[in-house]
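S.K.: Structure below; questions to follow.
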Amino acid sequence: MPQGLSNAPATFNRLVTQLFRPMRQFVQTYFGDIFVHSRASEGKTAVEAHLGHLREVLLCMRENRLYANINK
């Protein structure tokens with residue numbers, strides 16, 4: 001997101017919120033932050049469930065050309 005545009009943060013937040021709405025059971029967004037939370041269920045450990053959720057989030061990001069900054 002370019003720096004200095006007055007409506008850019010709100011517009012970006014709206015986009016991210018809409019993209020991840022189908023995953024709202026395990027994803028929460030706050031501006032540029034994406035929080036993924038998981039718990040054990042359906043015979044899966046919490047780690048297995050979390051890896052599946054992360055995979056879904058990363059695929060959604062890839063499909064919509066959103067990139068994560070590894071330094072943040």
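Just so it is clear: in the sequence shown, position 10 is 10 by the UniProt record's numbering, and no numbers are missing.
Cβ coordinates follow ideal geometry from the N, Cα and C atoms, glycine included.
For clarity, every value in this text was computed on a predicted model and none was experimentally measured.
1) Roughly how far, in whole angstroms, is the beta-carbon of I34 from the beta-carbon of F12, given that I think they are within contact range, below 8 Å?
2) Please list, in chain order, all residues of the same chain as N64 whose beta carbon is under 8 Å from its beta carbon, the five residues on each side excluded.
3) State the Cα-Cα distance for the pair V57 and S6, rounded to the nearest angstrom.
4) With burial defined as no fewer than 16 other Cβ atoms inside 10 Å of the residue's Cβ, what is the status of V16: buried or exposed?
M.R.: A quick look at the data gives this:
1) Between F12 and I34 the Cβ distance is about 12 Å, and since that is not below 8 Å, they are no contact.
2) L19
3) Near 28 Å, if we compare the C-alpha coordinates of S6 and V57.
4) buried
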